[in-house]
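All remarks here apply to the structure that follows.
Number of protein chains: 2
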Amino acid sequence: MTSTPEDEPGDTEFSLETYRREGLISPPGAEPAAHDGTGRVQLSFTVEDKEAPATQRTVRVPPGVSVFDSASWNGIAIDSTCGGHGTCHKCKVRVSPVTPVTRHDARTFSPAELDVGWRLACLVQATRDHDVVVPPLVTRPKAATVGVGRQVILRPAVQKRYVELTEPTLEDQRSDLARLLDAIDDLEPVPDLHALRRLPKVLREADFKVTAVIVDEALVDVEPGDTTATRYAIAFDLGTTTVVATLLDLVTGTPVGVASMLNKQQPFGADVISRISATMLDPAALGRLQVAASQTLATLAEQVCREGGVDPAQVYEAALAGNATMTALLLGIDPEPLGVAPFVQTTATPPAVLASEVGLELHPGARLALFPALGAYVGGDIVAGMLATGMDRDKRVRLFIDVGTNCEIVLSDGERILSTAAPAGPAFEGGAIRCGMRAADGAIEVVKLGDDVELGVIGDVEPRGLCGSGLVDAVAELVKAGLLDATGRFATDEVAKEIAPTLADRLTYIGQERVFVLHRERPDSDPAESVVLSQRDVRELQFAKAAISTGWTLLMEQLGLEHGDLQQVLLAGSFGSYLSAASAVRIGLVPQLPVLRIVAAGNVAGEGAKMALLSIRERAGALALLEEVTYVELSDRPDFNDRFVDLLAFPT
Amino acid sequence: MTSTPEDEPGDTEFSLETYRREGLISPPGAEPAAHDGTGRVQLSFTVEDKEAPATQRTVRVPPGVSVFDSASWNGIAIDSTCGGHGTCHKCKVRVSPVTPVTRHDARTFSPAELDVGWRLACLVQATRDHDVVVPPLVTRPKAATVGVGRQVILRPAVQKRYVELTEPTLEDQRSDLARLLDAIDDLEPVPDLHALRRLPKVLREADFKVTAVIVDEALVDVEPGDTTATRYAIAFDLGTTTVVATLLDLVTGTPVGVASMLNKQQPFGADVISRISATMLDPAALGRLQVAASQTLATLAEQVCREGGVDPAQVYEAALAGNATMTALLLGIDPEPLGVAPFVQTTATPPAVLASEVGLELHPGARLALFPALGAYVGGDIVAGMLATGMDRDKRVRLFIDVGTNCEIVLSDGERILSTAAPAGPAFEGGAIRCGMRAADGAIEVVKLGDDVELGVIGDVEPRGLCGSGLVDAVAELVKAGLLDATGRFATDEVAKEIAPTLADRLTYIGQERVFVLHRERPDSDPAESVVLSQRDVRELQFAKAAISTGWTLLMEQLGLEHGDLQQVLLAGSFGSYLSAASAVRIGLVPQLPVLRIVAAGNVAGEGAKMALLSIRERAGALALLEEVTYVELSDRPDFNDRFVDLLAFPT
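Protein sequence lines correspond, in order, to chains A and B. Counting in the numbering used here, the first sequence runs from 1 upward without gaps. Counting in the numbering used here, the second sequence runs from 653 upward without gaps.
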């Protein structure tokens, strides 16, 4: 991760709606306190520690938020095993002034304790300023750093509880399930039929010493003995091109296996539109695309389990971030309405399904959680990316761009968040480019022009073509050298000889078309057999970058922002990670900013999927984004074409 | 249904715990009002009517219960489509004194309306005495009479909503699901994957005029056009011997098809113990028993659908009442712990499953709701029976007896409810009886002794044997005639000739054993070729009836009740329906009471299953019974054998 002076975490103050959507105004059904959601209340935390002096920390939150959540979102740990659902009775704090006593408080504390302000933090709604004393932690919560510097306190949906039960007698004929659940004081899962079928046998064979396996609200299994040390989950980034799987050890929060491969849907077309078209032309294609996606995931799941030395039956959950089309195809949902105006999804919030329903052979009760989507072209991958980059948690003015055939753009001014999609076309993936190719061995990925041409080539082999980052570099360097003018036209031979005499002979023609030779075997090689950038390639790139910059320009106008207001630009996706920030600025793909403000964010979709597996609170945060982020449809904007034409030129 | 002077409905006052278990203290998570659950508050309802003068009605309920529930349980209808879940905003009433304003109230009423006490009845907790004005009903709720005179207001888990949606545009890109659910204001279902897959196609083919099909919390389908008039469900009574299916039209609450057949598990044994034994002897038997049960249900489902002229795909739900063993076997759960001490169930509350998971080919999203059980031998069939007979709603002192190989007994003194099971053995089903047979053609079901023997025979054919009710009649009549003494011994020839000269020649011997000839072709027929009652048969019956009467005797002792305190005895099950009340009293199978207090209740298990389909509130009531009813285990009671020996004799 590139670290820049601007890369400090922002404030984490955020809106009441965030909390409400995340179900964090607990308990559900309770009447809200008398406030209108505006303003803030102040909580002054005194955090005690067994081995160190207490520390002080003051936070401001919207009225009505629970003390537990206020602490949690501000990185103040309070004991809890239920994650703030009012069931574990462990999140004890002392509040002043005292707040009403709930029935859970009455069960947890003595009258004397209640008098001095002891309460369960998850049930105290902060409706005014409070002092809160947090006692020393009984168990230090584990945390993991994921995404763009996000610190996540581990609270996976997958939970295990080891219990040693008393055996039934004629005096104690509780059912096997009641006996098990009575011994688990902080969770109230509903059993899967599979778990019920295993329960009587496993209990008796294991002398009533068993481990309950819970995923979210479901009891998915009982295992003999103590298996709490083995809990795994797989995060999938289901890209149109590349699919990545990460096997996570949920006990430690660390990855134990990573694998990636091309999406097996490739034969149906390179981009989402061609795959949607395939389903419109052939009624059998949807089924075949579904199988192809399933097989891709299954192959990767097998690989990461092998790599991690993990039995697939110990993988109890998976999370998947994919764009709306990939998600629909995986679920066997007709994607046609995504592909034609007015571009409508079947659902923005696909329900969790059994992993087996999409062909994954993990634990039979394993669930697959799917990221929600903002729109047909700002899908679950982008929501995951927003989660990983903390787009809603950070008060800085930030622009998030995922560059690809379909380019997704998110802009936050610290209060409001807008998103849109721009159809950039295939140029960045080497499509429609004369010598274009994917970022694979032999692809030119870096271009520097000085007295001569310096190339960076993937795999250190003879250059075979030009990938997206090389294309951007080449154009940017040619603009800088004056060999391309602001309108995107190559210089004449005369001008070239004058301003760049050592490069001028590379400007030549293939047939009628002007080209710049990037790589040739010998100076006298036939340009048609060399790696060149053609006039038409430059036009393709101009169209692509104009589509993207029109997107962020319109969003910035909507929020009244100038380029200089942006504190950070995040370039997401694998392409974004390889792009030269300086080149991106030079061609106008990103706003005109100091390059230190432009950060490659990496595979943020995969990171978001990991966060969802590590923390149910982060998962709720993804859902909250659907309310917080406004989706802006560009395709019917009357000002789109004007801006687009303006932005075809390179910045001068 | 036999109507008796005692058969008036009792009070419907019941405990706070009832409400709490049924989730009726709404909203969940809300803090309870300041009360300790004792005492009652009084609600004075003024029920307005468009066409008639308003009526007055006063009810007393535990503090904390919602006004809506207080009304509903007392038969006062208030408009509602969500069933009191706070979502439909239709249950408008005027309360005085006024109560706090919830956010739902604030959205529903104007400030002026709030000032004069308008509130949503489901959100008003009655914590003190109130006057409540109920405005005239907008829609008159439909009700059906089921069970033992129970009037059920129709609110099935299966709901349909016809909607005409606006088509999506670039200005309105809501997802298909959001568009659909936004148009349904009173329910918030989660979609099945099947429904999601159908959604985009059905919406567009039906010009966005569709019917949403909801089962409980799940959106199971969308259907083109308006299909609200077709909603069906099947109630199953899965007996060890006989299985009954009733197809219900959920729109009218009426049955449209009924079918019954023998349980296909019969080859594995006649009673639950032999079927459990089968699974212990052969590991493959569980699977085969599961298939046999599934096939039985599937065959009946097909029959009732054919009879009712209903497409199975229009059946969206099924409910099943069965004993604990039948339920376990159907779900493929090992029944062994049910069959051996300490007699433990895997779960008392089996989760709803997809009907397809038990082999039923109904609508692909159809659910099967399973009745909860009180214990290994007081199963879901009895809970269903208690629901159908209103055991928890009726303030009378009542005894419920389901006579069978395993006999279940429930006793209520109007406050407390106890239940137990008594192992009666197979005598009542004709097992272990010399001329015993099932209640089928040729079975003697009625016996009267006067100067001669009068027989009632099933099917009006030549008598072939003796079924349970005939057995009880025969013994009772012989006791009455003095031909059997109180200890169960046949009279000597001398005594017989003296007290019953016209019958004495029927008292004879087969080998060494004393028999009474019930039916012979001619007076000189060989007794061994006639239908007789043997001394050993009498002993079998004595053991069976002593087991049962020990059960209710111990329960009555526990509640401090005498025979005369009982206001009603309900005889459940098909056998109970045919039993002569007078004979049952005479042999001591039931307490010594006027016969008018003894009521044949019919197939109450099946009736309970129907109620669960017609009303989600009744279904919640079944679950509440688990908390309200105390299960008494008799097998380890030191006083059991003493009582049993005492009760072998016939009452004198």
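Quick reminder that beta carbons are idealized off the backbone N, C-alpha and C, glycines included.
Item                                                                                                                                                                     : Value
Quick one: which chain B residues come within Cβ less than 9 Å of A:S635?                                                                                                : L822
Quick check: is the beta carbon of B:A993 nearer than 8 Å to any beta carbon in chain A?                                                                                 : yes
With B:D901 as the anchor, note down where its beta strand (DSSP E) starts and where it stops.                                                                           : T894 to D901
Please check if any C-beta of chain A sits within less than 8 Å of the C-beta of B:A1132.                                                                                : According to the sequence displayed, residue 1132 of chain B carries Lys and not Ala. So, not an interface residue.
If you measure beta-carbon to beta-carbon, which residues of the stretch 833-852 of chain B are closer than 7 Å to chain A?                                              : V842, P843, L845, L848, R849, L851 and P852
If I follow the unbroken alpha helix (DSSP H) through B:R831, where does it start and stop?                                                                              : D828 to D834
Could you tell me whether any Cβ in chain A is nearer than 8 Å to the Cβ of B:E1009?                                                                                     : yes
Taking 8 Å as the cut-off, does the stretch 151-159 of chain A touch the stretch 307-327 of chain A (at least 3 CB pairs, one atom from each stretch)?                   : yes
Within the 8 Å Cβ cut-off, does A:A584 reach chain B?                                                                                                                    : no
Any beta carbon of chain B sitting closer than 8 Å to that of A:G332?                                                                                                    : yes
Quick check: is the beta carbon of A:A649 nearer than 8 Å to any beta carbon in chain B?                                                                                 : no
Leaving out five residues before and five after A:S469 in sequence, what residues of the same chain have Cβ atoms less than 6 Å from its Cβ?                             : E445, Y578 and L579
To which residues does DSSP link B:G1027 through a beta bridge?                                                                                                          : B:V1030
Do you know offhand how far A:V632's Cα is from B:K853's?                                                                                                                : 26 Å
Out of curiosity, what's the CA-to-CA distance linking B:T1304 and B:G1260?                                                                                              : 37 Å
Could you check where the alpha helix (DSSP H) with A:V304 kicks off and where it finishes?                                                                              : A285 to G308
Contact between the stretch 608-620 of chain A and the stretch 369-387 of chain A: three or more CB pairs below 8 Å?                                                     : yes
Who are the near neighbours of A:V215 in its chain, counting only those whose CB is closer than 6 Å to its CB and skipping five residues on each side?                   : A157, V158, Y316, E317 and R367
Determine the chain B residues that contact A:E693 at a beta-carbon separation under 8 Å, and present them in chain order.                                               : Absent from the model: residue 693 of chain A. The displayed extent of chain A is 1 to 652, so no value can be given.
Of all the options A:G488, A:Q265 and A:M437, which has the alpha carbon lying nearest to the alpha carbon of A:V291?                                                    : A:Q265
B:Q997 CB to nearest chain A CB: under 8 Å?                                                                                                                              : yes
Let me see if you follow: with CB-CB separation under 8 Å, is B:A937 close to chain A or not?                                                                            : no
From the DSSP secondary-structure annotation, give me the bridge partner or partners of B:W770.                                                                          : B:R746
If you reduce the DSSP assignment to three classes, tell me which class A:I548 lands in.                                                                                 : helix
Is A:T550 near the ligand ZN, going by C-beta to nearest heavy atom under 7 Å?                                                                                           : The model on display carries no ligand, and the ligand ZN is accordingly not part of it.
Just checking: is the beta-carbon of A:P351 within a distance shorter than 8 Å of some beta-carbon in chain B?                                                           : yes
Is the number of C-beta pairs between the stretch 527-535 of chain A and the stretch 466-482 of chain A that are closer than 8 Å three or more?                          : yes
Establish whether the CB of B:L829 and some CB of chain A are separated by less than 8 Å.                                                                                : yes
Please decide whether B:G1027 counts as near chain A, where near means a Cβ-Cβ distance under 8 Å.                                                                       : yes
For B:V804, count neighbouring C-beta atoms within 10 Å of its own C-beta (all shown protein chains included) and say buried if the count is 16 or more, exposed if not. : buried
Quick check: the Cα distance between A:T87 and A:D186, rounded to an integer number of angstroms?                                                                        : 5 Å
Counting only C-beta atoms, is B:Q942 closer than 8 Å to chain A at any point?                                                                                           : no
Quick check on the DSSP output: the beta strand (DSSP E) that includes B:P907 runs from which residue to which?                                                          : T906 to L914
So if DSSP puts B:E816 in a beta bridge, which residue, or which two residues, is it bridged to?                                                                         : B:K861
What are the complete alpha helix (DSSP H) segments, minimum 4 residues, inside the stretch 327-365 of chain A?                                                          : 336-339
Look at the Cβ atom of B:A973, then the Cβ atom of B:F1052, and state whether they are nearer than 8 Å.                                                                  : no
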